[in-house]
Amino acid sequence: MTALQGSSPRRPGSGIDSPQVVQDDPALDDRYREYRRRQAKGLASILPKEAVRPLYARAREWGRETGNEVEKDPLATLYLFLERLLPLPPQDVWEGDRQAHLDAHVKEEFASPPAHRRSSPPVTVESRGMEMDGLRWRATLNLFRRDEAWRGFIVFNPVGEDEMVRTADIFREEDPDEIRNRFLGFHNQTLQAFLRSVLP
């Protein structure tokens, strides 16, 4: 349960600019907070029961002293306290690791036991260019996990514009790499067909 474990470098030539994808993620701050919470919950889940009561008493005392006590959710106070005990990386270090090892972060975010009890926003894992009717488009693959399976959809936006359209959840696999490989294997005509299906 160490911070940032199990990361593996991305495959070269996959076509994605991980630093840009991570920086452009509007939910990045929330993802970092949820990462910290998952680590705290993971620690709480492996503590012996006899250790939880005194630790919770310390957490309540800390919460009162610092103004972090969550009266309506006692466990939330414990998790906040555990976050401060764990040697978790500051957000800028976590972001750098996420940029370098996006695959591992996505799997930890969606597949870890604490994550199964919370919903996370879909995350962009691949991006590629395409053309249709003389216009350049950017197609991005977005993944999330639901019901013990990985699901995904494609978002299209014209290069240099804010407008975007997306498909329905057209992918469902046990392994996110299978979805990525299918997406990367699409010919331009296949992407055009998906794009035409969602244009007004």
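Using the numbering used here, the first residue of the sequence shown is number 7, and each one after it goes up by one. Virtual Cβ for every residue (Gly too), placed ideally from N, Cα, C.
Checklist entry - So, are the CB atoms of N194 and E101 less than 8 Å apart? => result no
Item to check | For A33, three-class secondary structure by DSSP | outcome: coil
Checklist entry - For I185 versus G158, is the C-beta spacing smaller than 8 Å? => result yes
Next on the checklist: For the beta strand (DSSP E) containing F162, name the first residue and the last one.
Outcome noted: A155 to P164
Next on the checklist: DSSP three-state label for N148, please.
Outcome noted: Shown here, N148 sits in a strand according to DSSP, grouped into three states.
Next on the checklist: To the nearest angstrom, how far is the alpha carbon of R44 from that of G140?
Outcome noted: 46 Å
Item to check | Beta-carbon separation (whole angstroms), R37 vs E114, contact threshold 8 Å | outcome: No, R37 and E114 are not in contact; Cβ-Cβ is about 11 Å, not under 8 Å.
Next on the checklist: Assuming V129 is part of the beta strand (DSSP E), what are its boundary residues?
Outcome noted: Residues V129 to M138.
Checklist entry - By Cβ distance, which residues of its chain are closer than 8 Å to P25, with the 5 residues on each side in sequence left out? => result Q105
Item to check | Helix, strand or coil at E180 [DSSP, three-state] | outcome: coil
Next on the checklist: Is it buried or exposed, N148, if we count other Cβ atoms within 10 angstroms and call 16 or more buried?
Outcome noted: buried
Next on the checklist: Which of the three DSSP states is assigned to Q195 in this structure?
Outcome noted: helix
Checklist entry - Under the rule that 16 or more other beta-carbon atoms within 10 Å means buried, what is L94, buried or exposed? => result L94 counts as buried, since at least 16 other C-beta atoms from the protein chains shown sit within 10 angstroms of its C-beta.
Checklist entry - Of the choices E154, G69, T130 and Y85, whose alpha-carbon is the least far from that of V28? => result When only C-alpha atoms are compared, the closest one is T130.
Next on the checklist: Within 10 Å of its beta-carbon, does S51 have 16 or more other beta-carbons around it, so buried, or fewer, so exposed?
Outcome noted: exposed
Checklist entry - Under a three-way DSSP split, which group does V171 fall into? => result strand
Next on the checklist: On the CB-based measure, 16 or more other CB atoms within 10 Å of its CB, does G19 come out buried or exposed?
Outcome noted: Residue placement at G19 cannot be trusted, given a pLDDT of 39 that sits under 50; what the coordinates show is reported in the next sentence. Result: exposed.
Item to check | Close Cβ partners of T173 (< 6 Å) along its chain, the five nearest in sequence each way excluded | outcome: F159, I160, F200 and V204
Checklist entry - Among L53, P164 and R42, which has the Cα closest to the Cα of T146? => result Closest option to T146, Cα to Cα, is P164.
Item to check | Proximity of E132 and F177 at Cβ, strictly below 8 Å | outcome: In this structure, E132 sits away from F177, with a CB-CB distance that is not shorter than 8 Å.
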